[in-house]
Amino acid sequence: MAVSGRVLVVDDIPSNRMVARTMLELQGWTVLTASDGREALDTLATTQCDLVLLDISMPGMSGIEVCQNIRANPALASLPVIAYTAHAQQEDRRNFIASGFDEILIKPVSSEKLANAVAAVMRNRGGTL
Numbered sequence: 001m002a003v004s005g006r007v008l009v010v011d012d013i014p015s016n017r018m019v020a021r022t023m024l025e026l027q028g029w030t031v032l033t034a035s036d037g038r039e040a041l042d043t044l045a046t047t048q049c050d051l052v053l054l055d056i057s058m059p060g061m062s063g064i065e066v067c068q069n070i071r072a073n074p075a076l077a078s079l080p081v082i083a084y085t086a087h088a089q090q091e092d093r094r095n096f097i098a099s100g101f102d103e104i105l106i107k108p109v110s111s112e113k114l115a116n117a118v119a120a121v122m123r124n125r126g127g128t129l
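Residue numbering for the sequence shown follows my numbering, beginning at 1 and increasing consecutively.
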């Protein structure tokens, strides 16, 4: 499935950013990266993105806090945000959705699972693929 658009990958672990970036670029996305929550919000303030792939456990500002900031900003509130995390408990999943995430991907992620999650989120948010 060919896609186009810009996605921001946010993760404090460089290898996780690289893996996600590679998978998304192979799917046709232009990929920007950020290593923490503050950098992610700064990037979103200056750069139009179509999707955010956001790690939950990061130093400083958690992915939940970043997502809540995105949802509180009228200019970004409808931006699709996918949690990208190792936290797989059912209670965690409920908390992520309640915090404003559109979808949850559990690490490690396959290219197929990532593509399916992105397609579902973009469909649900009215984005284009």
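Note that the Cβ used here is the ideal one computed from N, Cα and C, for glycine as well. Owing to the predicted nature of the structure, the values given are computational and were not obtained by experimental measurement.
Residue i - DSSP class collapsed to helix/strand/coil
| i | result |
| --- | --- |
| isoleucine 82 | strand |
| aspartate 55 | strand |
| alanine 20 | helix |
| isoleucine 13 | coil |
| alanine 98 | helix |
| arginine 125 | coil |
| valine 118 | helix |
| methionine 1 | Residue placement at methionine 1 cannot be trusted, given a pLDDT of 47 that sits under 50; what the coordinates show is reported in the next sentence. If DSSP states are grouped into helix, strand and coil, methionine 1 belongs with coil. |
Opening and closing residue of the alpha helix (DSSP H) in which residue i lies
| i | result |
| --- | --- |
| aspartate 42 | 37-46 |
| valine 66 | 63-72 |
Length of the line joining the Cα atoms of residue i and residue j
| i | j | result |
| --- | --- | --- |
| isoleucine 13 | alanine 75 | 28 Å |
| serine 62 | serine 15 | 18 Å |
First and last residue of the uninterrupted beta strand (DSSP E) at residue i
| i | result |
| --- | --- |
| alanine 34 | 30-34 |
| leucine 105 | 103-106 |
Any non-hydrogen atom of the ligand ADP within 7 Å of residue i CB
| i | result |
| --- | --- |
| alanine 40 | With respect to the ligand ADP, the structure offers nothing, as it holds no ligand at all. |
Supposed close pair residue i, residue j - CB separation, criterion 8 Å
| i | j | result |
| --- | --- | --- |
| valine 66 | leucine 105 | Not quite, the Cβ-Cβ distance comes to about 16 Å (not below 8 Å), so this is no contact. |
| valine 121 | aspartate 55 | Their Cβ separation, rounded to whole angstroms, is 16 Å, which puts valine 121 and aspartate 55 out of contact at 8 Å. |
DSSP beta-bridge partners of residue i
| i | result |
| --- | --- |
| leucine 8 | Leu32 and Val52 |
Beta carbon proximity, residue i to chain B, threshold 8 Å
| i | result |
| --- | --- |
| asparagine 69 | The question asks about chain B, but that chain is absent: this structure has only one protein chain. |
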